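Peer 1: Take this structure, written in structure tokens, and hold onto it; I'll ask about it next.
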């Protein structure tokens, strides 16, 4: 039975966004209702997860759910796609997607993320500010700020709100002007922990701190300027323990020292000082925009710095391991266009408490690759009932290969020439497919591998599309989808997921090797310290498993698609077979040579 106030199956069906439902969608709906409208649903591409989520949101509202209803998805491109398919939904974007009207009025074109917005509003200088309670602008008749206006309309409307996962998390954890959500749908939920780690981190530099120090001294605030100087000197000393640019993972005593220094700062005094400096004419909003933005970020975040640093320390009284980690590094030699030499990075790691705070008690998390219920619960804190649903098409139109005669590219196992041999093999095999009209996606792990592949592929006569030299990864993928090139190549960070290549755009995928963490990476060192070797290995295996399954699915987006994937390194042998869902197991080939797999693939792809 559904919890009182939330929807039943009939309510879900009434609010389904299409005239008919697929049988798999009926199964997902029944499971969600049976679990009191909470669920983690692993459902492959083609199951209709977006419609499933929208039906749940609208049914929740109709059943009396109060507060905003959120549909969160990782990228703005996905938000735009959902908006086009479901125009009745409300869309909210972050500040970077909106112009600042205050500066536009004064002849400066800049987005709202790059201005001291909070300071201008606190000083009552911006006529475009929209009151989030009434919807009125600060000055009658002023054009409303598009960022604040969309937020006000989203809060006061009844429609579900579609936004990025990052904006949703930031709004729920940091912003104080949103109610607790009435219901939440998290799409691509396997990515939420990494997104949270990315947005709940701080990168402090000597350049920014020095600029703040100079300004504070000029304004007469010697106390806070001295605190910043002591803080800067401390983390510069810590950064120099290792040669440039190798990062130094801070010890507990280092973190404690930084906390003790920052606690002496007067954040309230900083805020008041900035307000007086603007209204008194000591800082000009136009000429001093960058300085004001730096000071505003410092003022708003200094207590967060202290909190994040504190959470990088173990709490022995509560028997709690550290939730964050801190590292420092420096850049030697000429900086060229860079302005910062020293960096201190406060990085969130165990983000489950923050995610749990954001999503609340009722909602739906969806992904094609959850990666196992236990691992997902540990990473995200979301403990709703788990179900896995197969897609509505068979595995007969795809093949997944781990050839028997390709090298093991593990660092400790490979010989000096194994990587060169693997790249040459991929080039030669991609050329065989290209010669009969089949295009390929090649996924590597490092920029060095990317450069070497491109060099060899072009020498072999392949028409390669990639990014760099002013071309973004998104632009390269779009050009390839428009028909340019025979091979699209990029790192797993860009192309293992987030790029769809259906309808024979790239029926062949090559994945060079799994992305195990580098031993010198601060997060790797922290995980080993925090989790121990056995737990670390389990965490890393889950991540590379999800990455592999996501990459495999780039060319199979519907029941009409045909596609094959070659996992090149023998490292994949202990990853892929055990990770495949039951419906994909018939497509797995682990006993064929590469040539035999290519022959079988060519026969399969002839069906196009």
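Residue numbers (our numbering): 1 to 608.
C-beta atoms are modelled at their ideal positions from N, C-alpha and C, and glycine is treated no differently.
Remember, predicted model here, so these are calculated numbers, not experimental data.
My output table needs one value for residue 99: the three-state DSSP class, helix, strand or coil.
Peer 2: strand
Peer 1: Tell me residue 186's beta-bridge partners as DSSP assigns them.
Peer 2: Assignment of beta-bridge partners to residue 186 by DSSP yields 72, 365.
Peer 1: Note down the Cα distance separating residue 445 from residue 221, rounded to an integer number of angstroms.
Peer 2: 48 angstroms
Peer 1: Taking its Cβ as the centre, do 16 or more other Cβ atoms sit within 10 Å of residue 400, making it buried, or is it exposed?
Peer 2: buried
Peer 1: Quick check on DSSP: helix, strand or coil for residue 204?
Peer 2: Here DSSP, grouped into helix, strand and coil, assigns residue 204 to strand.
Peer 1: Residue 196 to residue 187, Cα distance in whole Å?
Peer 2: Using only the alpha carbons, I get a separation of about 14 angstroms.
Peer 1: Using alpha carbons as the reference points, say which of 496, 569, 56 lies closest to residue 25.
Peer 2: 56
Peer 1: With DSSP as the reference, please indicate the residues paired to residue 347 in a beta bridge.
Peer 2: DSSP output for residue 347 lists 201, 325 as bridge partner(s).
Peer 1: Along the chain, where does the alpha helix (DSSP H) containing residue 356 start, and where does it finish?
Peer 2: 352–359
Peer 1: Hey, quick one: how far does the beta strand (DSSP E) through residue 436 stretch, first residue to last?
Peer 2: Counting along the chain, residue 436 sits inside no beta strand (DSSP E), nor does DSSP assign it H or E at all.
Peer 1: Could you name the residues that DSSP lists as bridge partners for residue 509?
Peer 2: 441, 565
Peer 1: Just to confirm my understanding: we take residue 14, look at its own chain, exclude 5 residues before and 5 after, and list those with CB closer than 6 angstroms. What are they?
Peer 2: Closer than 6 angstroms at the Cβ level, and outside the excluded window around residue 14, lies no residue.
Peer 1: Return the chain-ordered ranges of every alpha helix (DSSP H) run that is complete within the segment 140–193 and spans a minimum of 4 residues.
Peer 2: 146–156, 165–173
Peer 1: If you draw a straight line from the C-alpha of residue 162 to the C-alpha of residue 151, how long is it?
Peer 2: Distance between the alpha carbons of residue 162 and residue 151: 12 angstroms.
Peer 1: Assuming residue 477 and residue 499 form a contact by the criterion Cβ under 8 angstroms, report the distance between their Cβ atoms to the nearest whole angstrom.
Peer 2: 5 angstroms
Peer 1: Determine the DSSP secondary structure at residue 602, reduced to helix, strand or coil.
Peer 2: Looking at residue 602 - three-state DSSP - the assignment turns out to be helix.
Peer 1: For residue 406, which three-state DSSP category applies?
Peer 2: In the displayed model, residue 406 falls within coil according to three-state DSSP, outside both helix and strand.
Peer 1: Just verifying my parser: in three-state terms, what is the DSSP assignment at residue 249?
Peer 2: strand
Peer 1: Whose C-alpha, out of 68, 167, 153, 515, is nearest the C-alpha of residue 631?
Peer 2: Absent from the model: residue 631. The displayed extent of the chain is 1 to 608, so no value can be given.
Peer 1: Expressed to the nearest angstrom, what Euclidean distance is found between the alpha-carbon atoms of residue 602 and residue 439?
Peer 2: 12 angstroms
Peer 1: Between which two residues does the beta strand (DSSP E) carrying residue 222 extend?
Peer 2: Premise fails: residue 222 lies in the alpha helix (DSSP H), 222–239, not in any beta strand (DSSP E).
Peer 1: Give the DSSP bridge partners of residue 388, in chain order.
Peer 2: 42
Peer 1: Tell me whether residue 8 sits in a helix, a strand or coil according to DSSP, three-state version.
Peer 2: Secondary structure of residue 8 (DSSP, three-state): coil.
Peer 1: In the DSSP assignment, what residue or residues form a beta bridge with residue 471?
Peer 2: 468
Peer 1: What are the partner residues of residue 401, as DSSP defines its beta bridges?
Peer 2: BP columns for residue 401 point to 566, 589.
Peer 1: Suppose the cutoff is 8 angstroms on Cβ atoms and the five residues either side in sequence are ignored; what does the same chain contact list for residue 518 look like?
Peer 2: 524
Peer 1: Below 8 angstroms on the Cβ atoms is my guess for residue 366 versus residue 41; work out the distance and round it to an integer in Å.
Peer 2: 5 angstroms
Peer 1: In angstroms with no decimal places, state the Cα-to-Cα distance between residue 593 and residue 207.
Peer 2: 55 angstroms
Peer 1: Can you tell which of 310, 605, 394, 392 has the C-alpha that lies nearest to the C-alpha of residue 503?
Peer 2: 605
Peer 1: Compare the C-alpha of residue 305 against each of 122, 201, 59 and name the closest.
Peer 2: 201
Peer 1: Using only CA atoms, which one of 154, 127, 148 lies nearest to residue 141?
Peer 2: 127
Peer 1: Can you tell which of 433, 307, 133, 148 has its C-alpha closest to the C-alpha of residue 487?
Peer 2: 433
Peer 1: So, with DSSP's three-state summary, where would you put residue 303?
Peer 2: helix
Peer 1: Is it true that the CB of residue 65 sits closer than 8 angstroms to the CB of residue 6?
Peer 2: yes
Peer 1: Counting only runs of 4+ residues fully inside the segment 480–548, write out the alpha helix (DSSP H) ranges in chain order.
Peer 2: 492–495, 522–531
Peer 1: Report the three-state DSSP secondary structure of residue 111 (helix, strand or coil).
Peer 2: strand
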